[in-house]
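Below is one structure, written out as structure tokens, with a few remarks after it.
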Amino acid sequence: MTITTAGTTAEDIAFHYDLGNQFYALWLDETLAYTAAKWDGVPAGEPDATALPRAQRAKLDHHLDLVGARPGDGLRLLDVGCGWGAMLEHAGRDDRVAHATGLTVSPAQYAFLAARALPGAEPRLESWEDHRPERPYDAVVGMGSFEHFATAAMTRAERLGVYARHFEACHGWLRPGGRMSLQTIAYDGAVDGAGAIGEFVGSDVFPGARLPRLSEIAAACDPYFSIVALSASAEDYARTLASWSARLLRARAEAERLVGPEGYRRYRRYLRASEMTFLRGAVTLYRIGLRRRDEPLRLPA
Ligand SMILES: C[S@@+](CC[C@H](N)C(=O)[O-])C[C@H]1O[C@@H](n2cnc3c(N)ncnc32)[C@H](O)[C@@H]1O
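429 is the number of the first residue of the sequence shown in our numbering; add one for each residue after it.
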């Protein structure tokens with residue numbers, strides 16, 4: 429099945445995410461989360477083996493808090509861009525979520541999730557653009573997928589159009605009073621992906637992806653959602669990337685066996701270079717809590 433999206437193409441998604449589930453499992457932690465962890469309160473000296481999974485679970489809990497999922501609530505949740513299932517697995521704990529649908533456009537991730545058969549989870553190989561749920565959701569989360577919804581070739585107006593369609597779709601999927609949480613990398617001090625690091629990551633690691641700016645997200649969601657929480661933490665991503673990078677270094681022999689010496693070098697360079705872009709303030713990480721408006725606003729053009 430070929431998936432078409434307005435954003436990162438199926439080929440470009442496969443180039444990155446289908447490099448091998450075993451390869452990613454080597455340097456991600458046991459949750460298999462592939463987005464920034466939340467490190468508040470995790471001491472700098474804590475061994476990586478416990479620190480990273482703890483910080484990843486704190487991030488997952490933070491998003492469940494943002495959408496108002498408390499123990500025993502048994503919500504219906506949609507995870508847009510579910511990766512290898514970190515949220516699908518975590519959300520079922522304490523019965524905060526009874527049913528979680530996860531969308532991915534990576535065939536390798538979907539095959540992995542289908543074999544995992546997590547209780548209460550329904551993985552789907554489907555773009556958000558094609559998602560038509562039978563019943564409304566109580567909550568929608570998206571972590572690290574928004575970066576794929578637009579491409580570098582789009583104008584600002586085209587990007588805003590896609591982002592607005594995404595929020596309109598989320599609004600349509602949610603019940604009245606439903607909540608959404610979004611975690612995304614965004615440009616901060618940099619205006620686009622120009623420069624040596626941006627060009628390397630844009631061509632050799634994440635082809636076909638384009639970061640948003642906060643002002644674009646705010647403009648696109650405004651008709652459909654009220655922003656109720658907003659935090660920024662470039663440090664959270666820098667520390668996560670440092671941890672992944674150290675894990676990949678320790679697993680070098682196995683990584684080279686799986687993806688070859690060039691693949692290993694490319695990923696080490698990507699993780700270290702990306703850490704730099706966060707530390708320098710070129711890009712940052714936002715976590716945004718959104719409350720569905722009962723009726724979309726008609727804002728002046
Ligand atoms: C960086 S991974 C993050 C995975 C997961 N949220 C996590 O935190 O581990 C990005 C995910 O977005 C998904 N994605 C990208 N474009 C998408 C689209 N148009 N519709 C649905 N998912 C998409 C990818 O398949 C991948 O699973």
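Here a beta-carbon is modelled for each residue, glycine too, at the ideal position from N, C-alpha and C.
Since the model is a prediction, treat every value here as computed from it, not as a measurement.
Whole-number beta carbon distance between residue j and residue i, since they are thought to touch under 8 angstroms
i: residue 494; j: residue 609; result: 4 angstroms
i: residue 503; j: residue 524; result: 7 angstroms
i: residue 607; j: residue 564; result: Actually they are not in contact, since the Cβ atoms of residue 607 and residue 564 sit about 12 angstroms apart, beyond 8 angstroms.
i: residue 441; j: residue 533; result: 5 angstroms
i: residue 613; j: residue 701; result: In fact, because the Cβ distance is near 14 angstroms, the residues do not count as touching under 8 angstroms.
Assigned secondary structure, residue i (DSSP; H/G/I helix, E/B strand, else coil)
i: residue 657; result: strand
i: residue 631; result: helix
i: residue 604; result: strand
i: residue 612; result: strand
i: residue 638; result: coil
i: residue 482; result: helix
i: residue 721; result: coil
i: residue 590; result: helix
i: residue 487; result: helix
i: residue 626; result: helix
i: residue 457; result: coil
i: residue 729; result: coil
CA nearest to the CA of residue i, picked from the options
i: residue 555; options: 526, 496, 535, 544; result: 535
i: residue 690; options: 497, 632, 469, 583; result: 632
i: residue 433; options: 510, 559, 551; result: 559
i: residue 521; options: 551, 488, 552, 687; result: 488
i: residue 684; options: 446, 437, 450, 627; result: 450
i: residue 566; options: 452, 497, 666, 475; result: 497
i: residue 726; options: 719, 649, 696, 509; result: 649
i: residue 435; options: 634, 529, 701; result: 634
i: residue 539; options: 557, 512, 527; result: 512
i: residue 590; options: 527, 576, 687; result: 576
i: residue 549; options: 583, 510, 571; result: 510
i: residue 674; options: 447, 628, 479, 723; result: 479
Cβ-based burial, residue i [other Cβ within 10 Å; buried from 16]
i: residue 704; result: exposed
i: residue 457; result: buried
i: residue 637; result: buried
i: residue 654; result: exposed
i: residue 547; result: exposed
i: residue 678; result: exposed
i: residue 464; result: buried
i: residue 551; result: buried
Note down, one range per segment and in chain order, each alpha helix (DSSP H) of at least 4 residues found wholly within the region 503 to 571.
514 to 518, 535 to 544
- prompt: Which ranges does the alpha helix (DSSP H) cover as unbroken runs of at least 4 residues, wholly within the region 649 to 718, from first to last along the chain?
  reply: Listed in chain order, the complete alpha helix (DSSP H) runs (minimum 4 residues) inside the region 649 to 718 are 662 to 678, 680 to 707.
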